[in-house]
Amino acid sequence: MDAQTGWTFAVMGKESLKQTGAPAEQGSAASYSATVERTDSPEALHQSGTVLSKGKREAEEVFAADGTGYVREGAPGTPWTRGPLSNPEIAAKVEDPLAALASFATYIEGDERIVVTRTGGEIRLQLRIPAAHLADRTERPAVAKAAREFQPTLAKLRKAGVTASEEQIVLGSFEETLTLDARTYRMTTHRSSFGFAIPHEGRQLRYKQELQADTRGIFTGRIKVPATAR
8 MDAQTGWTFA
18 VMGKESLKQT
28 GAPAEQGSAA
38 SYSATVERTD
48 SPEALHQSGT
58 VLSKGKREAE
68 EVFAADGTGY
78 VREGAPGTPW
88 TRGPLSNPEI
98 AAKVEDPLAA
108 LASFATYIEG
118 DERIVVTRTG
128 GEIRLQLRIP
138 AAHLADRTER
148 PAVAKAAREF
158 QPTLAKLRKA
168 GVTASEEQIV
178 LGSFEETLTL
188 DARTYRMTTH
198 RSSFGFAIPH
208 EGRQLRYKQE
218 LQADTRGIFT
228 GRIKVPATAR
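Residue numbering for the sequence shown follows the working numbering, beginning at 8 and increasing consecutively.
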């Protein structure tokens with residue numbers, strides 16, 4: 008990213024939690040779409056989108072700057088929630104497409120197997136993990152990333168009485184792809200998907216998440232956290 012400029016992204020995601028053998032209506036699912044503006048100097052993010060869950064659509068707006076996240080779920084006038092980006096619940100609301108660049112750098116440092124291909128003016132980096140355990144997060148950066156995304160859901164499951172250990176919780180079919188422009192090395196697209204299987208009372212809970220981000224263009228504005236959010 009060039010100094011004093013930023014980028015605009017289109018982001019879409021969905022997640023679901025279901026129990027094997029249970030009626031589909033007993034599970035939960037949500038989808039999300041947003042426009043994300045991201046600057047690097049200063050480093051800041053603004054996203055505005057909607058969440059669709061249980062047939063209801065709700066607006067969601069997020070700012071991130073100086074290590075703090077600001078989240079508003081609902082129409083203008085709804086109170087903001089703020090907290091450090093180290094808070095898993097706040098971090099889960101922030102969809103920073105450029106974080107994929109840092110993730111792949113970490114994967115390479117952690118000796119994850121990255122497949123690199125060049126085609127049609129693009130460079131594609133892809134990581135696949137057929138299976139792992141949640142406990143592997145301490146040794147494998149890709150599993151650690153999936154674990155961070157899963158953490159808010161896992162915390163709710165713990166409160167609901169799920170006691171499966173991290174060794175028992177299985178990560179399946181983790182796949183992440185980062186596509187760069189071969190000339191400028193700027194990110195053009197990012198895709199990720201993974202799932203966790205959690206044993207509980209003789210059955211399995213299955214969590215799935217998918218995320219995609221596409222670069223839409225240059226952002227030349229300034230991102231400023233509104234006074235009502237501070």
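All residues carry an ideal CB built from backbone N, CA and C; glycine is no exception. Note that this is a predicted model, so its numbers are computed, not measured.
Using the rule of at least 16 other Cβ atoms within 10 Å of the residue's Cβ for burial, across every protein chain shown, is residue i buried or exposed?
| i | result |
| --- | --- |
| residue 63 | exposed |
| residue 231 | exposed |
| residue 78 | buried |
| residue 54 | buried |
| residue 152 | buried |
| residue 123 | exposed |
| residue 144 | buried |
| residue 171 | buried |
| residue 235 | exposed |
| residue 76 | buried |
| residue 156 | buried |
Am I right that residue i and residue j are in contact with their C-beta atoms under 8 Å? What's the rounded C-beta distance?
| i | j | result |
| --- | --- | --- |
| residue 193 | residue 187 | 6 Å |
| residue 227 | residue 42 | Going by Cβ atoms, the distance from residue 227 to residue 42 rounds to 15 Å, so no, they are not a contact pair. |
| residue 177 | residue 204 | 5 Å |
| residue 56 | residue 35 | That pair is no contact at about 19 Å. |
| residue 101 | residue 92 | 7 Å |
| residue 17 | residue 223 | 5 Å |
| residue 197 | residue 162 | About 26 Å separates the two Cβ atoms, so there is no contact after all. |
Going by C-alpha to C-alpha distance, which of the options sits closest to residue i?
| i | options | result |
| --- | --- | --- |
| residue 214 | 16, 37, 19 | 37 |
| residue 51 | 27, 211, 15, 82 | 15 |
| residue 74 | 81, 95, 82, 138 | 95 |
| residue 237 | 47, 69, 87 | 87 |
| residue 83 | 68, 105, 136, 156 | 68 |
| residue 72 | 98, 27, 163, 160 | 98 |
| residue 26 | 164, 48, 136, 197 | 164 |
| residue 130 | 191, 45, 44 | 191 |
| residue 33 | 48, 61, 174, 117 | 61 |
| residue 209 | 233, 169, 49, 179 | 169 |
What's the gap between the Cα of residue i and the Cα of residue j?
| i | j | result |
| --- | --- | --- |
| residue 29 | residue 125 | 44 Å |
| residue 10 | residue 189 | Any reading at residue 10 needs caution, since the residue's pLDDT is 44, under 50, leaving its predicted position unreliable; the model's value is listed next. The straight-line gap from Cα to Cα measures roughly 20 Å. |
| residue 140 | residue 229 | 42 Å |
| residue 199 | residue 85 | 31 Å |
| residue 121 | residue 181 | 13 Å |
| residue 119 | residue 128 | 25 Å |
| residue 211 | residue 158 | 18 Å |
| residue 8 | residue 105 | Bear in mind that a pLDDT of 40 at residue 8, under 50, signals an unreliable position, so the model cannot answer this. |
| residue 207 | residue 154 | 18 Å |
| residue 183 | residue 201 | 9 Å |
| residue 135 | residue 160 | 23 Å |
| residue 70 | residue 132 | 29 Å |
| residue 137 | residue 175 | 16 Å |
| residue 195 | residue 44 | 14 Å |
Between residue i and chain C, is there a C-beta pair that is closer than 8 Å?
| i | result |
| --- | --- |
| residue 158 | The chain inventory of the structure shown lacks chain C, comprising one protein chain alone. |
*Below 8 Å, can you find three or more Cβ-Cβ pairs linking the region 16–24 to the region 204–223?*
Verdict: yes, contact present.
* Asked: Taking one C-beta from the region 134–152 and one from the region 110–121 each time, how about it: are there three or more such pairs within less than 8 Å?
  -> The region 134–152, when compared against the region 110–121, does touch it at the 8 Å Cβ threshold.
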